[in-house]
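Listed in order, the protein sequences are those of chains A and B. Residue numbers for the first sequence follow the working numbering, so the first one is 1 and each next one is one higher. Residue numbers for the second sequence follow the working numbering, so the first one is 1 and each next one is one higher. Just so you know, even glycine gets a beta-carbon here, dropped at the ideal spot from N, CA and C. It should be emphasised that the depicted structure is a prediction, and the values quoted were computed from it without experimental measurement.
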Amino acid sequence: MITIKELDKHYGALHALKSVEVDIAPGRITAVLGPNGAGKTTLIKSVLGLVKPDSGTITVDGTEVNGDSDYRRKIGYMPQIARYPENLTLQEIVDMIKDIRGYSGISGTSKHFSGDLDMELWDRFDLDTEKDKPFRTLSGGNRQKVSAVLAFLFRPKVLFLDEPSTGLDPVSSSILKDKILAEKKRGTTIILTSHIMSEVQELADQVVYLLEGRIYFELSVSDLLADTGQQTLERAIARKIGQNGAVASRNGMTQGHRPADGQNKPVHDHYAEREQTFVTEGGTS
Amino acid sequence: MIAKILKYQLRDVMRSKWIIAYALFFLGLTDILFRFGGDGVRVATSMMNVVLIVIPLASIILGAFYLYNTREYIEMLLCHPVKRHQLFWGMFLGLGLPLVLAFTGGVMVPFIYHGAGPEAWTAAGMLAFTGSMLTVIFVGIAYYLALRFDDRIKGLGLALVICLFFTVIYDGIILLVIYMFANYPLEKPVLALSLFNPIDLGRILLLLQFDISALMGLTGAVFRDFFGTVLGMAIALGSLLLWLFVPVYGGFRRFLYKDF
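Structure follows, in C-alpha cells:
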C-alpha cells in the first residue's frame with residue numbers, strides 16, 4: 001500500500017532519515033516505533049507530504065507523492081496534538097473539513113449523513129451534545145475525539161494515527177481501539193505510532209522500528225515475541241535492541257554478529273541507555 | 001478552494017475579541033477627534049499619525065502570532081487534499097481582510113454619522129487606502145518571518161525590531177546622515193532612502209494628497225519638489241506595491257517548500 005524507497009532527509013546538519021526502505025502491506029496495522037528523534041515523525045510527515053524529502057520515492061496506493069495533493073483523498077490522519085480555529089464550533093470544524101473534501105452537500109446531524117461518511121465515532125463519543133461549543137472551550141480529550149472523528153470520517157484507504165489514545169479517557173480510548181480494529185477488518189491500512197507498548201501489542205500486526213534514521217528491524221508482532229521469547233511487546237523490543245544494540249554500536253550498525261554472552265553482558269553504551277529510557281517511557285505512560 | 005478556506009478563516013477571525021477591539025480603537029479615536037476638531041480633513045490628518053504607527057505594529061505582531069498559533073491547524077489542513085498555494089492565500093487573506101475591514105470600518109463610520117464634506121471624504125479614502133496597504137504589507141512581512149523562523153520567540157522578536165526600525169530608527173538614521181553630510185547636496189540620496197521604508201512611503205503618499213507642507217518632513221518636501229505631486233504619488237504608490245509584493249512572495253515561496 002505504501003512503498004518507500006531510499007528516502008533521505010537532512011535538517012541542516014541532522015541526518016534524520018538515512019536511505020529508509022519500507023513496504024507497508026495493505027489491510028494491516030503497522031506500528032512505527034523508535035526512541036525520540038529516531039525519525040518516526042519525519043517518516044510519517046514525508047508520506048503525508050508535510051516534509052519534503054531530499055531524495056527517494058514514496059508511493060501511496062500506486063500514486064507517487066510528488067507535491068500533488070490529490071493522493072491525500074485516500075488518507076485519514078489523526079495528529080498527536082490537534083488545533084483547529086479557536087472560535088469555530090465543533091460542528092463548523094466538521095463542516096469545514098467536509099467542505100474541503102468536497103462533501104459540503106451532505107449536511108445536518110449525524111443521522112442524516114449518507115453512507116459515504118463514517119459518523120460512527122461522532123455518535124459513540126456523543127459529540128452531538130458538544131457540537132455548538134467553540135473549539136477553544138473544549139477539553140483535551142474532546143479535542144482528541146474531534147481529531148479521531150475527522151480521521152475516520154471519509155473512510156480513507158490509509159489511516160495515520162499518531163499517539164491516538166493520548167488524552168482520552170479509558171472508555172473513549174477503548175471505543176477508538178474497537179473502531180481501529182473494525183477498520184482493519186474492512187481492509188484499511190493503518191499506520192500507528194504510540195509510546196504505550198501494550199496498546200501496540202493489542203492493535204498492531206507489524207512493527208517497524210526506527211533507530212537514528214534507519215530501519216532497525218521490521219517484524220510481525222508474533223515473530224518478534226517468538227524470536228525473543230518474551231510475553232510482552234515492551235520486553236521483546238527491549239530485548240531485541242539489547243541483543244543487537246550493544247553489537248551494532250561497536251560494529252557500526254551492522255547486524256547479525258551477536259556474541260554468545262551478549263544477552264547477559266552488562267552494556268554501557270548509549271544504545272543500552274536508550275533501552276533503559278525506552279522501557280521506563282513505555283512503563284510509565 | 002481558497003474561498004472555502006477563507007470562509008472559515010473569516011468566521012474564526014471575525015469572532016475573536018482582538019479584531020473587535022482593533023475596530024473599536026479606530027472608531028473611538030476617530031469619533032473623539034471629530035468631537036474635538038470637527039473638520040473632517042483635520043481628523044484625517046490627525047488619524048494619519050496614529051495610523052502610521054499603530055497599523056504596522058499591530059499588523060506585524062498579530063500576523064506573526066496568528067501564523068504561529070495556527071501552525072498545527074495548517075499541518076492538519078495540509079493532510080487533506082489541499083494545495084499549498086491555495087492554503088497560503090487562504091491564510092493570508094484570512095487575516096489581512098479582517099484587519100483591513102476592521103480598520104477601514106472603524107475610521108469610516110464616524111465620517112458617515114458626523115457628516116463630512118467631499119474634501120474630507122477624499123482625505124478619509126486616502127487614509128483608508130494607505131492604512132490598508134500598510135496592513136497587508138506588514139502582515140506579509142510577519143508571515144515571511146513566521147515561516148522563516150520556527151522559533152516563535154525569534155520570529156516575534158524580529159517582527160518587533162523590524163517594526164521599530166521602520167517607525168523610529170530609520171528616521172534617526174536619515175537625520176544622522178543629513179547631519180553628518182550637511183555640506184553635500186543630499187536631496188537625491190535621501191529621496192532614495194525614503195523609498196526603502198514603507199511607513200515613510202505611506203506618509204509621503206498621504207501628505208502629498210493632503211498637501212500639508214508643514215507636516216511633510218524633509219523627505220516629503222524633497223519628494224514633492226523633485227517629482228511634483230502627481231509623479232511623486234505614482235512613485236510612492238509603485239514603491240509601496242513593490243513593498244507588498246516582495247515579502248508576500250518570499251513568504252509564499254517559503255510556504256510552498258517548507259517542512260512542517
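A/P85 sits in coil when the DSSP states are folded into three classes, being neither helix nor strand. The beta-carbon of A/V32 is placed no less than 8 Å from the nearest beta-carbon of chain B. Not a single C-beta of chain A is nearer than 8 Å to the C-beta of B/D39.
In the structure shown, A/G27 falls within a coil segment according to DSSP collapsed to helix, strand and coil. Cβ atoms of B/A124 and B/A44 come within 8 Å of each other, at about 5 Å. At a cut-off of 8 Å between beta carbons, A/P170 makes no contact with chain B. For the stretch 82-106 of chain A, the residues whose beta carbon sits under 9 Å from a beta carbon of chain B are, in order, A82, R83, Y84, P85, E86, N87, L88, E92, I93, D95, M96, I97, D99, I100, R101, G102, S104. If you ignore the 5 residues before and after B/G106, its C-beta comes within less than 6 Å of the C-beta of A23, F26, L27, all in its own chain and listed in chain order. Beta bridge pairing from DSSP links A/H10 with A/H15. In this chain, the alpha helix (DSSP H) harbouring B/M76 covers 71-78.
A straight line joining the alpha-carbon of A/R73 with that of A/T42 spans about 21 Å. For A/F160, DSSP records a beta bridge to A/Y77, A/I191.
In the structure shown, the three-state DSSP call for A/P134 is strand. Judged by DSSP in its simplified three-state form, A/Y216 adopts strand. Against chain B, a Cβ distance below 8 Å from A/I75 picks out C79. Put simply, the CB of B/K83 is near chain A, with a gap under 8 Å to one of its CB atoms. With respect to B/I199, B/P56 sits close: the two C-beta atoms are nearer than 8 Å.
The DSSP assignment places complete alpha helix (DSSP H) segments of no fewer than 4 residues inside the stretch 121-182 of chain B at 152-164, 170-180, in order along the chain. In this structure, B/G202 is the residue among B/P247, B/K258, B/G202 with its C-alpha nearest to the C-alpha of B/G232. The beta carbon of A/K157 sits no closer than 8 Å to any beta carbon of chain B. Looking at the DSSP output, A/L33 sits in a beta bridge with A/Y209. At least one C-beta of chain B is nearer than 8 Å to the C-beta of A/R72. Spatial neighbours of B/V109 in its own chain (CB-CB distance under 7 Å, excluding positions within 5 residues in sequence) are listed in chain order as L27. With fewer than 16 other CB atoms across the displayed protein chains lying within 10 angstroms of its CB, A/R186 is exposed. Within chain B, no C-beta atom comes less than 9 Å from the C-beta of A/S139; the nearest is roughly 17 Å away. Residues L6, L10 of the same chain have their beta carbon placed closer than 8 Å to that of B/L97, with the five preceding and five following residues left out of the count.
Boundaries cannot be given for A/V51, as no alpha helix (DSSP H) includes it and DSSP labels it neither H nor E.
Taking the C-beta atoms as reference points, A/G39 is found no nearer than 8 Å to A/G242. Nearest C-alpha to A/N66 among A/G76, A/Y77, A/K52, A/M197: A/K52.
Excluding its 5 nearest sequence neighbours in each direction, B/M1 has C-beta neighbours in its own chain below 8 Å: V82, K83, Q86, G90, listed in chain order.
From the listed residues B/D259, B/Y144, B/G38, B/F226, the smallest Cα separation to B/G115 is found for B/G38. Beyond the five residues adjoining it in sequence on each side, A/G140 comes within less than 7 Å, by CB distance, of G167 in the same chain, given in chain order. With the rule of 3 Cβ pairs closer than 8 Å, the stretch 22-41 of chain A counts as touching the stretch 204-213 of chain A. Around the beta carbon of B/Y144, 16 or more other beta carbons lie within 10 angstroms, which makes this residue buried. Just so you know, the alpha carbons of A/S220 and A/I237 end up roughly 12 Å apart. Around the beta carbon of B/R224, 16 or more other beta carbons lie within 10 angstroms, which makes this residue buried.
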